Every structure is written in structure tokens, then in C-alpha cells.
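Okay, so here's the structure we're looking at.
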Amino acid sequence: MDIRKVKKLIEMMQESDLGEIEIKEGDDSVRISRASKASNSPIVTSAQQYVVADPSQSAQPSVSGRRLAPRTAKKLVPDSSEHPQRSPDTPTTRPRGSVRSSEWATTPEITGHVTVTAPMVGTFYRAADPDAEPFVTKGQQIKQGDTLCIIESMKMMNRITSEHAGTLDEVLVENATGVEYDQPLFVIKPSS
Amino acid sequence: MNSPEPKHRLLIANRGEIAVRLLRACKQLGIESVAAYTKVDAEARYLNLADQKICVGQQDYLNIPAMISAAQISGCTMIHPGYGFLSESEAFAEAVATSGMHFIGPAAEHIEMMGDKAIARATVSDLGLSVVEGSKGEVRAAEVASLVNKLGLPVCIKASFGGGGRGMRVVNDIAQLQTAIVEAQAEALASFGESAFYIEKYIPEARHIEVQVLGDGKGDVLHFGTRECSTQRRFQKLIEEAPAPGIDAALLNNLAKKCVKAMSDIKYRNAGTLEFLYAEGEFHFIEMNTRLQVEHPVTELITGLDIVEAQLFVALNQQLPYAQNDVRFSGTAIECRINAESHDFLPSPGLVSNYSPPGGPGIRVDSHLFSGYRVPHHYDSLIAKIIALGKDRETARRRLDCALEETEIDGISTNRDLLRRILATPEFVENRMSTEFVTKLIGHEPIQQPDGDAG
Numbered sequence: 030m031d032i033r034k035v036k037k038l039i040e041m042m043q044e045s046d047l048g049e050i051e052i053k054e055g056d057d058s059v060r061i062s063r064a065s066k067a068s069n070s071p072i073v074t075s076a077q078q079y080v081v082a083d084p085s086q087s088a089q090p091s092v093s094g095r096r097l098a099p100r101t102a103k104k105l106v107p108d109s110s111e112h113p114q115r116s117p118d119t120p121t122t123r124p125r126g127s128v129r130s131s132e133w134a135t136t137p138e139i140t141g142h143v144t145v146t147a148p149m150v151g152t153f154y155r156a157a158d159p160d161a162e163p164f165v166t167k168g169q170q171i172k173q174g175d176t177l178c179i180i181e182s183m184k185m186m187n188r189i190t191s192e193h194a195g196t197l198d199e200v201l202v203e204n205a206t207g208v209e210y211d212q213p214l215f216v217i218k219p220s221s
Numbered sequence: 002m003n004s005p006e007p008k009h010r011l012l013i014a015n016r017g018e019i020a021v022r023l024l025r026a027c028k029q030l031g032i033e034s035v036a037a038y039t040k041v042d043a044e045a046r047y048l049n050l051a052d053q054k055i056c057v058g059q060q061d062y063l064n065i066p067a068m069i070s071a072a073q074i075s076g077c078t079m080i081h082p083g084y085g086f087l088s089e090s091e092a093f094a095e096a097v098a099t100s101g102m103h104f105i106g107p108a109a110e111h112i113e114m115m116g117d118k119a120i121a122r123a124t125v126s127d128l129g130l131s132v133v134e135g136s137k138g139e140v141r142a143a144e145v146a147s148l149v150n151k152l153g154l155p156v157c158i159k160a161s162f163g164g165g166g167r168g169m170r171v172v173n174d175i176a177q178l179q180t181a182i183v184e185a186q187a188e189a190l191a192s193f194g195e196s197a198f199y200i201e202k203y204i205p206e207a208r209h210i211e212v213q214v215l216g217d218g219k220g221d222v223l224h225f226g227t228r229e230c231s232t233q234r235r236f237q238k239l240i241e242e243a244p245a246p247g248i249d250a251a252l253l254n255n256l257a258k259k260c261v262k263a264m265s266d267i268k269y270r271n272a273g274t275l276e277f278l279y280a281e282g283e284f285h286f287i288e289m290n291t292r293l294q295v296e297h298p299v300t301e302l303i304t305g306l307d308i309v310e311a312q313l314f315v316a317l318n319q320q321l322p323y324a325q326n327d328v329r330f331s332g333t334a335i336e337c338r339i340n341a342e343s344h345d346f347l348p349s350p351g352l353v354s355n356y357s358p359p360g361g362p363g364i365r366v367d368s369h370l371f372s373g374y375r376v377p378h379h380y381d382s383l384i385a386k387i388i389a390l391g392k393d394r395e396t397a398r399r400r401l402d403c404a405l406e407e408t409e410i411d412g413i414s415t416n417r418d419l420l421r422r423i424l425a426t427p428e429f430v431e432n433r434m435s436t437e438f439v440t441k442l443i444g445h446e447p448i449q450q451p452d453g454d455a456g
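As they're listed, the protein sequences go chains A and B.
Following this note's numbering, the residues of the first sequence are numbered contiguously, the last one being 221.
Following this note's numbering, the residues of the second sequence are numbered contiguously, the last one being 456.
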């Protein structure tokens, strides 16, 4: 669906009292719903999609659409900074080291929430091995440099660490599933 | 032939028009497709043709771990590298095989053998094909003077790992020799990470003729005839056709047979193209491309065969899809490469405000364009291939010219008008092309400044 159409829908919703709207166009469908004022978490209506909502902007609609491209979905978040341009081969030059998530695509939002996105395509693991506890869980306090997850790419275990200190607000991806480049993984509420 | 089994899933490790070509093949053969794409290409409409799409990076299609991971997390059984990018990386071919998937291309050892152009020359020479006179393998700085003395000017300096016209310099004057070597090395180092080079006698006014082959990896090889690609600018092909016109059929057939023999001897697998310069009745090998080529559609149109399908068949069945006798030729096909470039050959990326492709009898268009598409500046400037088939060469030429006239690409500059001018030259019409005629055409008659209609 045309991103301009989605933007227009959001604007229309903001001007109205509608709580939720779903539009179907051929194979594409998009549902936009308004988070309740009490809720502090984003509305995720489809687990397969990268739903990036701004949790504390309660009046801000969150969007999920079956075939929305990740990039399209992200654009819906009023992000204040573009992702820095990076050398395209950075992931391969650092096969085993830790990758600082901030170098890739943390997206500071108006409220200070940050979304940590995958710096590489691979398999997402929340723990060091299947029997271990997850590195981080929802609601947990996180220090800068803490390991958030591992992304496996060609049998290389790439440790993804946090650039931010704060509270882990959301884990957006299931353990042991594939993630693509720049896919949102976590939402962190910075402590400061 | 039977279609490859539908349970297979193919990762397309490429972009643009060739990604469209491969996606179409998947759809037509009932193979599931996964399109690898970058953030830069996220708006590309062809991604919607794929069963799944996976973002592999910001702008990079050369990241081997990313491509392998993308294939693995999406359950792919095969990877097609297209052309360019990872298509001639033996490391990639190796990684795909090690990961338990089919690499749609040759064995890593053959990619490596032909990837080093100096070794390729020595290899095919041993296999009985004549090569352009020149150095045996790589040249050391100390040998240059005596070698050039022996060959006589002009010579061509070529990077061992060059390609696509990069890392090549023609030297007409001995005073330019050192500069040419330094430039060719620098270009090759920047583009391919290697500065090794070799020297060939430069054959002026030659024609570029190539032979398309397909092998099963066990010694069974067939050919799809010849193509003529002399219409080049700075070693970049602009117009290609099949079959090669104006050369005795027996001579061409003999060349094709020699290629088949050579490829059979090394047990070459999958599609490949051996390139030759033709001058004074002789063919001289220059290099081999171990991949699907940009100009493969001209061969498909005159044979009625699908080379991508044949590639997939070979990969899945370890045997050829048909016998040499089943490859029959009819008519002539000519292809034009539409590049997003200005009238002075500078890249012209940007928003395509309107795109309207041509049609009609015998016209094929391979392109990823659509109205509203933004041509990114990060990649090759090839945006469309327009191919015409005719019962004879003149019919194909007229159809192609008509198709180019119909083609509307607004908002960016393209080389369409240059292509039409080339098609109308006496050299092209009368089959007197050489690898230099476009350069001369441009030199003699400067291109008019764009008048605002970028078309």
C-alpha cells in the first residue's frame, strides 16, 4: 500500500475519535489502532511484522500491515534522526566481536525510547545456549554494554550489546527465529 | 524437458533487471523465490513478486555471510547469483556448497581458474583455443619493456582480476606505457582488490564474438551458438545480437565446437561464455565469464530456450536438459542496454517520473523500472534491456529501433538516443561493426546537449 495513503489515514484518525481502522486493498491490508491513554506498551497486532509504535505517545496510532515493508513501518514512527550511513561491509569485518547496536540503527524517538535493530541478517538468540536464561527480559534494567542477544550468521555468534542504559520495554522477536538486516529487536526506555 | 521440482526454493542474490528475470523464471517454473534486498532497494517493486524478501544490508550485495544467512533463515535450497556482485566469487560458490545448498553456477575451482584472466589465457591455450598474443600469465614490472618490444604497439594492459572494462588500458605510444600500467593497476586495486596485470597485443578494428556454453560438470557440454557484442564504449557492451552476423557459419560452428571440447575437458558445470576477438578470419580468446550474462536474452530468443531454466535444471539434476540437436536457431535477436546516464556518459540517477515500455511483435523488455521508481546512485546504471527478434537481422534492427522510439523514460537521462543513432549507422546496418566504431562515432559527431526532455 502506498505510504502516502497510510500517512493520510493516520492524519485522518488523529483528527477523529476513531479507535481503530482497517483497510483492505487487494492482498494488502493495514490496520491502524490508537493505543489507550493508560497503556504504556505499543500495540502489536501481527507478530510477523515489525511493528514499531511509540509507546508513550499514547495518542499516536500504531500500525501493523500484512505486507508493509519494514522500512515503511519504521517511517511511521516520528524518528528524529536518520540512521547513520555505515560501511556496508562492517558486519563481515567483525566476525566474532561484539557489535555495538548504536552503530547500526537505534532510533531515538521523541520520548526517548530507542529501538534496537538487527545489525545483520541471521538467527536471533535471546540466550547463550538453549538451556540458559535469556540475556535480558522485559522490564529489566540494562547497563550500557550489556549483551542483549546473539545473532548467528554462518555459524558466527555475534553478540549484540546495548548502547543505552535503561529499562527493557519490549522484546519484539521470538527466540531462534530469523531476522533480517535492520529489523527491530528491542525497545529500550533510557534511564536518563 | 521436465521442470525442476517445485519443492525447491531459490534465493536471488542480486537486484535490478536480473532479479526480475530470475523471479520470472521462478514463477514460471513453480519454484519458490526469496529476494535478497538492501535498504537502498527497499522500494523496488519487483520484491513483491517474490514469495519472501529479506533485507541483507544497507546497500551491499557482496556480503557473503549475509547472503548465506538470508538463504538459511528462509529455507532456501539454491542460490542464484545473477551477474556482477557475488556471481564470480569462488568464495561465495564454496560457501553456498558448504552450507548444503546448490550454487547456480560453476564449481568454485572453475570460477577461480577463469577469474584470474592470466591463468584463464594459459588454461584455454592448453585446451587448444588460440589466445591473443601476449604475456604468459602475470607480468612483472621488469619484464614489461622487453615484452612490449616483442609484441609491438599497440598493446593492451589488462588487470588479471579486471572485468566490465575496468583495469584495462590501450597503449599506442611507448611514452604512455608506465602511466597506463599505473592507472590500470590502481583501477583494478580499487575495484577488485588485486593489482596483478598481463599484457596482450591490441587488435584494432576487431569484432567481439562469444560462445554460450552449458555443462553438466561431468564432461557433457552443449553450446547455444554465438553472439556478437562489438558495439561497445570503453569495453562496455551497448548492443548485442545473436547469432554473430556476417561470419561464415562453418567457421562459427567450428569455434563453438572447440569451446564445447575445451569445456568438456575441464568438466565445466552450468552456464558460461567464452569471449573472443575476431580479426582477419581468426578467433582469439580473451576471457571467459563463468556466469549468466547480461546479453543472454538474445540467445534465448533465437533458440526459444530458457537459459535460466537450463541452469536450474543442471544444478538440480547434474545432467543437461537437452541434446545439442535440440538447440535450434531461427532468426536474429538484437538487444540494447538502456543505461541511466547523461549525454556525456555520467550516471544519471533519480526519480523516474514516467516509464512506458514498448511492445509489439518480437519485443521483449527486461527491466525493473516503474513510474515513480527512484534509480539509486549506488549501483550499475543498467535500467532496462530491450530485445527484438526478427526473421532476419534487418527485421530485428527495425523492430528494435521502433521499440526504442516507443520507450518513454522521463525524469532521468538515458542513452536511448545514442542507441538509436548507433542502430542507424551504415556500420551497424551493413554489419561492419568493430570494437572501436562507437568511440569513433561519438568522437566524430559530438552528442547534442539534452534539450530538457531527458527521455
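We put the beta carbon where it would ideally sit given N, CA and C, even for glycine.
Just so it is clear, the structure is predicted and the values come from calculations on it, not from any experiment.
Proximity of B/I74 to chain A, defined by a Cβ-Cβ separation below 7 Å, is satisfied.
For the options B/T436, B/F93, B/N290, B/I443, the alpha carbon positioned closest to that of B/V214 is the one of B/N290. Beta-bridge pairing by DSSP links B/H379 to no other residue. With its beta carbon at least 7 Å from every one in chain A, B/A94 lies outside the interface.
The Cβ-Cβ distance between B/G363 and B/R399 does not fall below 7 Å.
A direct Cα-to-Cα measurement between B/A92 and A/A147 gives close to 25 Å. Using a Cβ-Cβ cut-off of 8 Å, A/T152 is close to S70, Q73, I74 of chain B, given in chain order. In this structure, DSSP gives B/R394 a helical state, which the three-state scheme calls helix. Judged by their CB atoms, B/F225 and B/T124 are not nearer to each other than the 7 Å cut-off.
Going by DSSP, B/D418 is part of no beta strand (DSSP E) but of the alpha helix (DSSP H) stretching over 417-425. In terms of beta-carbon proximity, B/C27 stays away from the interface with chain A, with every pair separated by 7 Å or more. Of all residues in the region 155-182 of chain A, the ones placed with a Cβ closer than 9 Å to any Cβ belonging to chain B are I180, E181, S182, in chain order. By the CB criterion at 7 Å, B/I200 and B/I158 fall inside the cutoff.
By a beta-carbon distance limit of 8 Å, B/R292 does not contact B/S100. Their separation comes to about 19 Å. Taking 7 Å as the CB threshold, A/E209 lines the interface with chain B. DSSP places B/N271 in no alpha helix (DSSP H) but in the uninterrupted beta strand (DSSP E) bounded by 270-280. Proximity to B/A404 across B/V430, B/I443, B/V439, B/C337 peaks at B/C337, based on C-alpha coordinates. Under the three-state reduction of DSSP, B/D127 is assigned to helix. For B/E188, same chain residues with a beta-carbon under 6 Å away, outside a window of 5 residues either side, are R167, G168 in chain order. Between B/S372 and B/A341, the CB-CB gap reaches or exceeds 7 Å.
Of all C-beta pairs linking the region 343-355 of chain B to the region 312-319 of chain B, fewer than three are shorter than 8 Å, placing the two stretches out of contact. Beta-carbon to beta-carbon, A/T206 and A/F153 are separated by about 6 Å, close enough to satisfy the 8 Å threshold. Under the three-state reduction of DSSP, A/Q173 is assigned to coil, being neither helix nor strand. Under the Cβ distance rule, B/C77 does not count among the residues neighbouring chain A, no pair being separated by less than 7 Å.
With fewer than 16 other Cβ atoms inside 10 Å of its own Cβ, B/T440 counts as exposed. Beyond the five residues adjoining it in sequence on each side, B/G412 comes within less than 8 Å, by CB distance, of G351, L352, V353, S354, N355, A455 in the same chain, given in chain order. Taking 7 Å as the cut-off, the Cβ atoms of B/D266 and B/L154 do not count as close. Listed along the chain, the chain B residues whose CB falls inside 8 Å of the CB of A/M185 are P66.
When the alpha-carbon of B/R394 is set against those of B/I410, B/R228, B/N416, the nearest one is in B/R228. In the DSSP assignment, B/G116 falls within the unbroken alpha helix (DSSP H) covering 109-116. The three-state reading of DSSP puts B/T440 in helix, counting H, G and I together.
Put simply, the CB of B/I55 is near chain A, with a gap under 7 Å to one of its CB atoms.
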